[in-house]
Each structure stands twice: as structure tokens, then as C-alpha cells.
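Each remark here refers to the structure printed beneath this line.
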Amino acid sequence: MSDGRTAGPSSPSAVGRRRDPFAPLLDNPLAARLREHDRLGAGTHAVPTGGAPEAITVYGDGRKRVNLGSNNYLGLAGDPRVIEAAVDALRQYGSSTAGSRVLNGTTRLHLTLEVELADHYGTEAAVLTSSGVNANLALLSTACGPDDVLLVDAHAHASVHAGAGASRGTVVRFRHNSVESLAQRLERLDPQAGAVVAVDGVYSMTGELAPLAEIAELCDRFGARLVVDEAHGLGVLGAQGRGAVERTGVLDRVDAVTVAFSKSLASVGGAVLTSRAVAEGIRASAVPYVFSAANDPASVGAALAALRLLRSEPERRERLRGNGELLRAELAAAGAEPVPGRGAVIAVPTGDEEVTADAWRRAYDAGVYVNAVAYPAVPRGKGVLRLSVMATHTAEHLRYAAEVVVDAVRAATEAAEPTAQPEVVDVPTPRVGETLPAVA
Ligand SMILES: Cc1ncc(COP(=O)(O)O)c(C=O)c1O
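If you read the sequence shown in this note's numbering, its first letter stands for residue 100, the second for the next number, and so on.
Encoded structure:
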């Protein structure tokens, strides 16, 4: 019986005191580390913006910074034509499709975007998904069966690994970008097994390219299918902007390409470009396609407008390439050699997590926003500042940013170096048969 001081079972305070069975999740070491960074004022993640991700972006604190931390590679996310197309789609089709593609969620706009994407890649089909993550999940979970072995580059995007894990096949990792490691694994396969090799065309955290010509060669030799994630290649690499698959001349030897609209296409969503057979499989049974609401009309409208601009304004790609080369050269000249790569993503090594966070903060305070990348996005101790160029950056933006980033990394590295010299212990030379005292 209640004595008037104890809250009854349905009162809010009783609910507040209820033991949370999920509380042990707070012990997650990565979550704890993020909390600690926030507590120390060194948080580098989820920094709010107050405007579109343009070359110069307004941040949540009201300050403008050079934005080298967005994937708006072609600079189309703030383009009036793309915004207008999104608004038109919103007006015509409403704010939501309110259903799956297989029920009520297909608009004429979805179909048009699929036709134009398939045309751009020269594939039989394109299937839209509501994100780039879902493109990889839909493809790999559906196209690979129990007799397949999926050979996945160790550094492929998390969604490639998740898609492989969600398939009924056996997943085998090979060493990042190592043709030798892939060949060894292919050689060991049971000849009855079906092999599927899955890689990123451009690695998102470092900007490295996959050695696609050699990988395609191996796939031909071993009869393996090849799947390439072109999230960071679309609109950036290749004469027509089709990505690393085009740049390396392997497009017609690839079985499926996945793309994300959240980079060059200034929107959100994804697609699988592939054969009619694989597309039909996805449309029939992929969970992210069948059981999830269709992409919202505004996103489809924006992506379609951006795709048309990507194709009709090749000069954007040229400017983007020039900007990438300029920033790489400026960084190298100032002593911060970036990770070798090509394209819009440029990674400056920082190593230790604390150095990465400190360098990020210094750059941010000096007016340059970049991405601080640490474990688990990269291996432990291999942190980088990730800089992503846009077609709309000017040479002045990039020169200023290079200077700021190089200074920030240098200062953070020096600040992390131990200042006290290690104590020199005079260890006497032992005489034969004598044991030295322990040196602490
Ligand atoms: C290589 C790669 N694939 C897929 C994705 C997922 O794209 P989305 O953000 O559209 O889900 C990303 C996102 O950053 C990526 O870098």
C-alpha cells in the first residue's frame, strides 16, 4: 500500500526509476569515447550547420567557414535548378510517397530517374533505393545465394560488409586493395562455389582507388562476379562521370554498380545499376526495396535534376578535378603529403585519435571545416583529416584551407609529443655472474 511518499506504479517518477535493460549499452567503448570528447569540448562529430553545404557554409554558431567536409562534390546541393526541381516534385507528388515501391510508392519521377540512371551507365536496369546503404544491402542480400562466397575488401564501406553479412552466402575478407590477397582466396575456393567480389571504386575515408583493372582480370580468370560501390566515383571520375569503373575501363566487365545520391547528385537515395535479372530479384524480395517506403518525391526530383546537370555540364567535373589536384599539390608543398588517391576525397594522415581531434578543432576555429576520421572508420592509429573538394571551391578557398590544415596538424602533433625527456638511468656494466638490479 502506498504511504503517500512512494510513487504509484503508473506515475512518471516510477517510470523514470525503472531499471533500463539497455543501460549496459552505455558501456560501449566507442560511445563512451564520443561522450568524453564532447565533455572536453573536443567533439568533432555531428556539428550543426545553418545553411546548405556550399563552398562557404554557415555553421550552427553563425560563423562562415570554408567547407571541406561535405560530399556535395559538384556543388549542386544549393543550385537553384536542383532546388526548383525538388520543390516542383514536392508540389506535384506531395511530401511523402506514403508506401513501398511495390504498392503505392512508385511515381512517374521514380521511373524516369531509373531510366536515366540505367542509360547513364548503359545497364539493362536501375533500381532505386532510399539510401546508398540500402543499395548495397538490397543488392548483396538478394543477388548472392547459399552457394556463393562473397569476397569483400576489408576496407569496403560498412554497408557493403552489412549487405554481404545479410546474404545467405559465405563472407570472406581480403586485404585492402591487395590483388594478391584476393587471388589467394579465389584460388582456394571450391570450384563449385559461386564467387562475388565486392569493392568500393573510391574508398570513402582515404580517397584511394581500387585496382579495378587487376581485380576485373582476376574475376574473369576465376569466373567471379564483380560488384563496385561508386558512391564517391559518380560525377567525379571517368570521362562521363561514371566513376572508377569508367576511369579504369572495366564498366562492361562489372555485374553491378551501386551509387548514392548523397554525394554528386545533391540529394539522398541510392540505386543499383545492373542486369534485368538481378533487378527483378531485388524488386521481388530485397527487404530495403519491398518493405520500405519509396524515396520521397523531393529527393527524387533533386537527384534527377542533378543527374541531368552532371551529364550536360561536364565542365563541373573538370573544375572538380582541377580543385582536387590543386589541393593535393598545396598540401604536399606545405609538408602534409596526402594519402595517394584521386578524386574529390583527400586524406591528410594524423595518426593518433587525440591528434586527429585536436587538429580538427584547430582547423575549425581557424575557419575551415573538415571531417575528423578515426577508428572504427579507419584502423586504430591511422586517423586522417578528410578533405572533400567541390567544383565550386575557388583556388583562394583551397590555398587558405591547405595552409590552415597543415598548421593545425603540425600544432596538434607537437602538442601531443611528450615534453619531458625520459629519465636517463645509468646502468652499470654487469660483471660475469652478477645480476643487475631491476630498472623501474
Ligand atoms: C562508399 C559508400 N557507400 C555507400 C554509402 C552510403 O550512402 P548513403 O549515405 O546514401 O546511405 C556511403 C556513404 O557515405 C559511402 O561512402
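In this text, a Cβ means the ideal position worked out from N, Cα and C, and glycines have one as well.
For L317, which option in G466, Y302, R427, S277 has the closest C-alpha, if you only look at C-alpha atoms? Here residue 317 corresponds to residue number 218 of the sequence shown, with the count starting at 1. L317 has its Cα closest to that of S277, out of G466, Y302, R427, S277.
Determine the direct distance from the alpha carbon of A433 to that of A188, and round the result to whole angstroms. Within the sequence shown, numbered from 1, the residue matching residue 188 stands at position 89. Within the sequence shown, numbered from 1, the residue matching residue 433 stands at position 334. Here the alpha carbons of A433 and A188 stand approximately 47 Å from one another.
Which value, in whole angstroms, describes the spacing of the CA atoms of Q191 and A130? Here residue 191 is taken as the residue at index 92 of the sequence shown, counted from 1. Here residue 130 is taken as the residue at index 31 of the sequence shown, counted from 1. Approximately 42 Å, taken between the alpha carbons.
Write down the C-beta distance between R461 and V472 rounded to the nearest angstrom, noting that I regard them as a contact closer than 8 Å. On the sequence shown, position 362 is the one that residue 461 refers to. On the sequence shown, position 373 is the one that residue 472 refers to. Actually they are not in contact, since the Cβ atoms of R461 and V472 sit about 16 Å apart, beyond 8 Å.
Hey, could you find the ends of the alpha helix (DSSP H) D319 is sitting in? As a first step, residue 319 is located in the sequence shown; it is residue number 220 there, counting from the start. Its alpha helix (DSSP H) spans residues 311-321.
Range covered by the alpha helix (DSSP H) that runs through R416: For the purposes of this step, residue 416 is identified with residue 317 of the sequence shown, where counting begins at 1. Element bounds for R416: 413-432.
Judging by CA-CA distance, which residue of R509, D289, Q339, V367 is the nearest neighbour of A456? In the sequence shown, counting from the first residue as 1, residue 456 sits at position 357. Taking only the C-alpha atoms, the option nearest A456 is R509.
Quick check: R324 and A355, are their CB atoms within less than 9 Å of each other? Within the sequence shown, residue 324 is the residue found at index 225, counting from 1. Within the sequence shown, residue 355 is the residue found at index 256, counting from 1. Yes, Cβ-Cβ distance for R324 and A355 is below 9 Å.
Using a Cβ cut-off of 9 Å (strictly closer), state whether Q339 contacts chain D. The structure shown contains no chain D; it is built from a single protein chain.
Which same chain residues end up closer than 7 Å to A275 when comparing Cβ atoms and leaving out the 5 residues on each side of it in sequence? By one-based count along the sequence shown, residue 275 stands at place 176. A small fix is needed here, since residue 275 is His in this sequence, not Ala. In chain order, D252, A253, H254 place their CB closer than 7 Å to the CB of H275, counting only its own chain and leaving out the 5 sequence neighbours on each side.
For the alpha helix (DSSP H) that R441 lies in, which residues bound it at each end? As a first step, residue 441 must be located in the sequence shown, where it is residue number 342. Neither: R441 is in no alpha helix (DSSP H) and is coded neither H nor E.
Checking 9 Å against the spacing of the C-beta atoms, do V488 and A435 come in under that value? To locate residue 488, count along the sequence shown from 1; it is residue 389. To locate residue 435, count along the sequence shown from 1; it is residue 336. It is not a contact, given that the beta carbons lie outside the stated cut-off.
Mapping DSSP to helix, strand and coil, what is T269? Numbered from its first residue, the sequence shown carries residue 269 at position 170. Three-state result, T269: strand.
In the DSSP output, what is D328 paired with across the bridge? Taking the first residue of the sequence shown as 1, we reach residue 328 at position 229. Note: D328 sits in a beta bridge opposite D299, T357.
Would the beta-carbon of N276 be found less than 8 Å away from any heavy atom of ligand 2? With respect to ligand 2, the structure offers nothing, as its ligand set consists of ligand 1.
Would you say V335 touches ligand 1, meaning its beta carbon is less than 8 Å from a heavy atom? Counting from one through the sequence shown, the residue named residue 335 turns up at place 236. Not under cutoff, so the answer is no.
With G369 as the anchor, note down where its beta strand (DSSP E) starts and where it stops. For the purposes of this step, residue 369 is taken as the residue at position 270 of the sequence shown. Note, G369: beta strand (DSSP E), 369-373.
Note the first and the last residue of the continuous beta strand (DSSP E) segment covering V226. Translated into positions along the sequence shown, residue 226 becomes position 127. Unbroken beta strand (DSSP E) run through V226: 224-228.
Report the residue from L308, R410, P245, V367 whose alpha carbon sits nearest the alpha carbon of R441. Numbered from its first residue, the sequence shown carries residue 441 at position 342. The candidate whose alpha carbon is nearest that of R441 is L308.
Tell me the rounded alpha-carbon separation between H492 and G421. Counted from its first residue, the sequence shown places residue 492 at position 393. Counted from its first residue, the sequence shown places residue 421 at position 322. When rounded, the distance between both Cα atoms is 10 Å.
C-beta contact flag for R284 and V271 at 9 Å: Reading the sequence shown from its first residue, position 185 is the one you call residue 284. Reading the sequence shown from its first residue, position 172 is the one you call residue 271. A contact, by the Cβ cut-off of 9 Å.
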